[in-house]
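Chains as they are written, first to last, in the working numbering: chain R, 1 to 417; chain F, 418 to 746; chain W, 747 to 1030.
Have a look at the structure below before the remarks.
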Amino acid sequence: MKMTRRQVLGALGGAAAAAATRRRGWGAEKGAIKIGYFAPFSGPFAQNAKDMWDGFRLYFEEIGMQAAGRKIELISEDDWVEPAQALTKLRKLVEQDHVHLAAGGLLAPVGFAVQGYVNSQKIPYVVPIISAEDLTQRKPSPWMVRLSWTSAQPTQPLAEYAYKTLGFRRVAGVNFDFAFGWESFSGFQRVFEDLGGKVVQKLWAPATVSDFAPYLPTVKRDVDAVFATFSGNAARQFLKQAADYGIKGKIAIIGQGTLTDEHVLPSMGDEAIGVITGLHYTSALDTPANKKFVAAYQKFAGKVPGYYSENDYTSARVIVEAIKAIGGEVENREKLMAALRKVEIPDSPRGPIKLDEHGNPIQNIYIRKVERVGGQLQNTVIHTYPNVSQFWTYKPEDFLKQPVYDRDNFPGCKFCA
Amino acid sequence: MAVLDTRGTRCFSAVAFVLLAVLPPFLSSYVLTLLTQVLIFATLAMSVDLLLGFTGLASLGQAAYFGLSAYTVAVLTTKQGAGFWQTAALSFVLSLVLAALFGLIAVHAAGTYFLMITLALGQVLWGLAYRWVSMTGGDNGLAGVPRPSVQRVSFDDPTRFFYFTLVVFLVSALVLYLVVESPFGYSLQGIRESDGRMRILGYHTWLHKYLAFIISGAFSGVSGFLWAYYNGFVSPQDVSLVTNMESFLMVAMGGPGTLFGSTVGALVIVFLKNFVSAYTKRWLLILGGMYILTIMYAPKGILGALREWGRRKASLPRATATAGGRTDR
Amino acid sequence: MEFWVTQMFNGISFGALLFLLASGLSLIFGVMRIVNIAHGSYYMLGAYVGLSVVWRTHSFALALLAGAATIAVIGVGMERLFLRRFHLQEQAQMLLTMGFALIFEDLALIIWGGDPYTIPPPSLLSGSMHIETLTFPLYRFFVVAMAIAVGLFLWLLQERTRVGAMIRASVDDKEMAGGVGINVPLVSAGIFGLGAFLAAIGGVMGGAFLGVFPGVDFEVLPFAFVVVIVGGLGSLKGAFVGSMLVGLVDNFGKALLPELSYFTLFAPMALVLAVRPTGLFGRV
C-alpha cells in the first residue's frame, strides 16, 4: 500500500516537474513572432469573443501570417470574462509561451486588472475593444495602447448633432447601470448641457436587464428624445419594448452605437428603424476599404462585421505596421511600443486612424440612422465628424482635471425633477 | 472519522508538504503562480469543507467573505496605505464579523433553505460591490494592490509570494485540522449525521452550527485576503456565484470531510482548467462532465476513493462522508 | 396614478411568467426533494427549441408544444438515468444537476451559437392596448392567461384527480405511498418530467418578451428559487403567491429604487426566510 501510494505521488510529482520545466530550455526563439490574444470564449460572451477573434485573425491570414520576413504565430486563450483568469492567462502567454505582444480583453475590469502586470513585465498590450475612459485618461499605462474607443468618444459628438441638427432640447436617459452606461451617457449629457440642452431624467437598468417594463412607462413623455446605452440582448429588448410601450413613434430614440451595432442589428425588426446612434464604425460605411473588408469578413466568418470585428481587424493591422516599422525586431519591446504609438492608417475599414498621446485613437465618428436597404437593416451614415478625439472639443488638461464620468457625481443631474 | 487516521494519509501529506517546500525554486514562474492559486483555492475549499463535509451544511455564499476580505485588502492598500498587519487583522476580523451577522439569519434554516439564504446573502454582497462605486470602484474594480511586505521584506517575486501563501495556507490547515479533530469537530460530524439525535443527546446544535459557520467564513476570508495580493486586483467577479460552484466541486472531487481532499481537488481543478483551455474552448462541458462523473463514480472524492481502496486492501471497516452528505457503513 | 396601474400590471405579468417557471421547481422539490440547478437550463432549452420550431414552421403554438415536450423528455431522462441513484441525497443531486446545467449551457452555445434572439409572438398578440395615456402590451395579457390556465390545471390535478392524490400521497409520505401500491418511481419520473415541461413553457413564453441568449439559464434560476423559497417548497399556492410577490417587488423595486436594483430580488427573500424559515406556505 505504501509503495503504491509513493508510486502515485512520484508519478504526479514527475509529471508536474516535467510540465513545469518543459518550456524552460526553449527561451526566446528568433523565428516566429508570437502574439498572445485573450477573450471570453466560454460563457455568455462567447459570440462577442468569436467576432473579436475572427476579425483579428482575418487580417493576419490576409497577409499570409508573416511580416517583416518573420512568421507570425497567434496564441489564443480563454479568460472566461473573469479578470483574474485574464491575468492568469496573460501570465501563461508571457511566461510560458513567451509572446512578444499581447492583445484582447472584452470587459473594462479586465483592462484594469492586467495593467499592473503589463507594466511590471514591460509587455506591449494592445486593447482592441475595452472602452473604459480612464485606461487612456487618468490611469494610463506606458505599455498599453488601445485601438478601440472611449465610451464617450461617440456620444459627445452625438450630443452636438442632437442639439444643433436634430433640434432636441430635452432628453431622458435609460442606460446600463455600470461604468459603460454611466460614461456613455455622461459624455452626451455634458456636451448637450454645455450647448444649452437639458437632461431631465436618468433611469438606470442593471447589467442583466431584459425586462424594461419597470423603466419605459416611467420615462417622461415631454422629452424630445430618449438616449439609451445597451448592447446584446438588452439592446434588442429595449427597442422592442420601446415600441410595445408606445415610446417609438412619439419620442425619438438615440443612443450609444452598441444599441444598433451589427452584432445585434441583423436579428432586430422594424422597431429599430429610425434609431440614431453614434459610433466609430458601421458596416454600411461606403468606402472602398470598408467594402473590401466587409466582403472578406462575410466570406471568412459568414456574417456582417460589427465593431467587435472591425476593431480587432484594425488592431491587427496596427500591430503589423508597427512590426514592419521596426524591421521585425519585436524582441526590443521599447521600440515596438514606441512604434505602436506612431502608427497611422489612412484607409482602415473605419476610416483614417491615428493615436493621440494618451494611446487612444483619433478617428471619425459616424452618426448613423437605421434604415432598411435592400430588405436588410443597416446603420446608414448620415453625418461624419472627422478626427474626433476622446476629449471632443475640450482641452485635454481641463478634461482630465474633472473626475471620470460616473453615475451620480459628474456630471450630476441639474435639471432632473 | 479522523482526518489523518491512516498511515497512508500521513505519508501522503508528509510527502506533499516536502514537495511543496522544496520544489518551487526549480519550477517555472507560470507553474509557480498556478500552484499559488491552488493553495489559495485550497484554503477556500477547506473552509467550504468544514461546513459541507463535516457539518453537512451546503453554503453557496462563502464568496461573500472571500470577497469582503479581498476588498478590504484592496481598499486599505490602495486608498489608505495601511501596513501589512493592520490589513491582515482588519480583513480577518471583518469576514468573521460578517459571518457572525449572516450566520444569525442563515443557521436557523436547514437543507435547501440554508442553501438559498446563503446564496441570497452572497448576492447581496455582490450587488454592494457593484453599486458602492466610491468604495469598491464598481464593475471596474480596484487595481494596484501591491504585493505584501512584512517588516521590510517584500514578497513580490513569484517564489517569495508562493512561500508567503504556503505559510498562510499551512497555518489555516493546521487551525482547521485542530478544529475538526477536537471534540467540537466530532460534534459537528454528529450533527451532520443527525441533527435530531444530537439534540436529544443534549448538544446545542444551533450553537455548534453557528460557530462552524463563523470559522468557515473567517477562513474563506483568509483565502480572499491571499487572492487580493495574488492578483493585485479585486472586482465584483470575485464575489460571484461561479467561485462558490468551483469550490464545491473541489471539495466533492477531492473528498468531502477529509479537509486535505480539498487541496487535491483544488490542484486538479486549477491545473485542469488552465491546461485544458489551451486545447479546447469547451471548458464548461468538461467541468459539467467532471461534476457528473465525480458524483456517479467517486462520490467520496479522490481521497475518499483512495482510502476506500486502501481500506479494502487492509479489510478495515470505517465510516466516511460522501458528497451526498450521508454515511455508509 | 398611471404609474401605479402600469407597474402593477407589469409586476403581475412578470409574476405570471415566474409562476410558469417556478411551479415546476416547487413540484420537483416538493415530491422529490431535488434541488434542481438545471431548472434554468430547462427554461433556456425550451426557449431555444421553441425558437428553432418557430423558424421552421412559423407556429407559436407548435413551438410551445414542441419545446415543452422535448424538455420533458430530457427531464425524465435525467431523473431515471442519473438522479434516481441518489435518492434523498440532496447534495449529490444538487451537484449532479449543476453538472448538467453547465453541459446544457455549452451545448446550447454549440447548437444555437451566441447571438441573442427573440421568439416572435403570434401576430395577433404583438400589438398593444391603449387606454387613455396608458399602454399595455397585449402579449403580457397572454402570459397572465397562460399562467392562470396552468395554475388551474395543476390545482385540478392535485386536488381532484387520482393522479393528484397519488402525488399528494408521495409528498406526504413516500414510504406509505409505496406501501399502498402507488408506483412511486413512475410518479417521480412523471413529476420531474412535468416540472421540466412547465419550465420549458415558461421558456417559450418568456423567449417572446425577454429573449433567449446564452446565460439566460443562470439569470432566471435565482428568480425560480426565490419564488419557491418565499412561497414555500412543495406548495402550489405558495408558488403562486410567491411569484406574484416577487414579480411585484422586483418591478416596483426597480422602478422606485434603482439604486437598489441589484438587491430587489434577494433582500426580501432573506427577510421572509429570517421570519418564516419554511416560506409562507411551506409544507416541508
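We put the beta carbon where it would ideally sit given N, CA and C, even for glycine.
When the alpha-carbon of W:Met790 is set against those of W:Leu853, W:Pro1023 and W:Met892, the nearest one is in W:Leu853.
At a cut-off of 8 Å between beta-carbon atoms, R:Val264 makes contact with chain W. Any Cβ of chain R closer than 8 Å to the Cβ of F:Thr675 would place that residue at the interface, and such an atom is absent.
Contact with chain F is found for R:Pro83, since one of that chain's Cβ atoms lies less than 8 Å from the residue's Cβ. Neighbours of W:His876 in chain R, taken as residues whose beta carbon is under 9 Å from its own, are Gly246 in chain order.
Assigned with DSSP and collapsed to three states, F:Leu444 falls in coil, not helix or strand.
The C-beta separation of F:Ala475 from F:Leu469 comes to about 5 Å, placing the pair in contact by the 8 Å criterion.
Of the other Cβ atoms in all chains shown, 16 or more fall within 10 Å of the Cβ of F:Ser589; this residue is therefore buried. Here W:Glu748 is exposed, its C-beta having fewer than 16 other C-beta atoms within 10 Å.
If you check the CB distance, W:Gly860 and R:Lys50 come in under 8 Å. Distance from the Cα of W:Thr816 is smallest, within the candidate group W:Pro1023, W:Ile947, W:Val972 and W:Val987, for W:Ile947.
Glu851, Asp852, Leu855, Gly859, Gly860, Asp861, Pro862, Tyr863, Thr864 and Pro866: these are the residues of the region 835–869 of chain W whose beta carbon lies less than 9 Å from some beta carbon of chain R, given in chain order.
Neighbourhood of W:Phe1009 in chain F, by CB distance below 9 Å: Gln540, Val541, Gly544, Leu545 and Arg548, in chain order. Two segments are said to touch when three or more pairs of C-beta atoms, one from each, lie closer than 8 Å; by this definition the region 454–463 of chain F touches the region 676–686 of chain F. For the C-beta of W:Gln753, the chain R residues within less than 9 Å are, from N- to C-terminus, Ala213, Pro214, Pro217 and Thr218. Ranked by Cα distance from F:Gln606, the options F:Gly674, F:Gln654, F:Ser652 and F:Phe636 are led by F:Gly674.
If you check the CB distance, W:Thr843 and W:Ile783 come in under 8 Å. Membership of R:Tyr366 in the beta strand (DSSP E) is indicated by the continuous run Pro361 to Val373. Taken atom to atom, the span from the alpha-carbon of W:Ala970 to that of R:Ser267 is near 28 Å. A straight-line Cα-Cα distance of about 25 Å links W:Tyr794 and W:Gln839. In chain order, Arg564, Pro565, Ser566, Phe578 and Phe581 place their CB closer than 7 Å to the CB of F:Phe572, counting only its own chain and leaving out the 5 sequence neighbours on each side.
In the three-state reduction of the DSSP assignment, W:Ser759 falls in the helix class. Straight through space, the alpha carbons of R:Gly64 and R:Ala284 are spaced by roughly 27 Å. For W:Thr881, DSSP records a beta bridge to W:His876. Taking each of R:Ala272, R:Lys139 and R:Pro288 in turn and checking the Cα distance to R:Val373, the smallest one comes out for R:Ala272. In this chain, W:Val966 is not harboured by any beta strand (DSSP E); it is covered by the alpha helix (DSSP H) spanning Val962 to Gly977. Interface residue (Cβ-Cβ distance to chain R less than 8 Å): W:Gly953 is not classified as such. Note on geometry: alpha-carbon atoms of R:Asp79 and R:Lys34 lie some 19 Å from one another. Proximity of F:Gln568 to chain R, defined by a Cβ-Cβ separation below 8 Å, is not satisfied.
Non-local C-beta neighbours of W:Ser874 in its own chain, meaning closer than 8 Å and more than five positions away in sequence, comprise Thr881, Phe882, Pro883 and Leu884, ordered along the chain. W:Ile975 reaches chain F at Thr529, Tyr530, Met533, Ile534 and Ala537, counting residues in chain order whose Cβ is nearer than 9 Å. Neighbours of W:Glu921 across chain F, judged by C-beta separation under 7 Å, do not exist; the nearest C-beta is about 17 Å away. In chain W, no part has a C-beta under 9 Å from the C-beta of F:Phe572; the shortest such distance is about 35 Å. Under the 8 Å criterion on CB atoms, R:Trp204 is classed as interfacial with respect to chain W. For W:Leu791, no Cβ of chain F is located within less than 8 Å of the residue's own Cβ.
R:Arg221 carries a coil assignment under DSSP once its states are collapsed to helix, strand and coil.
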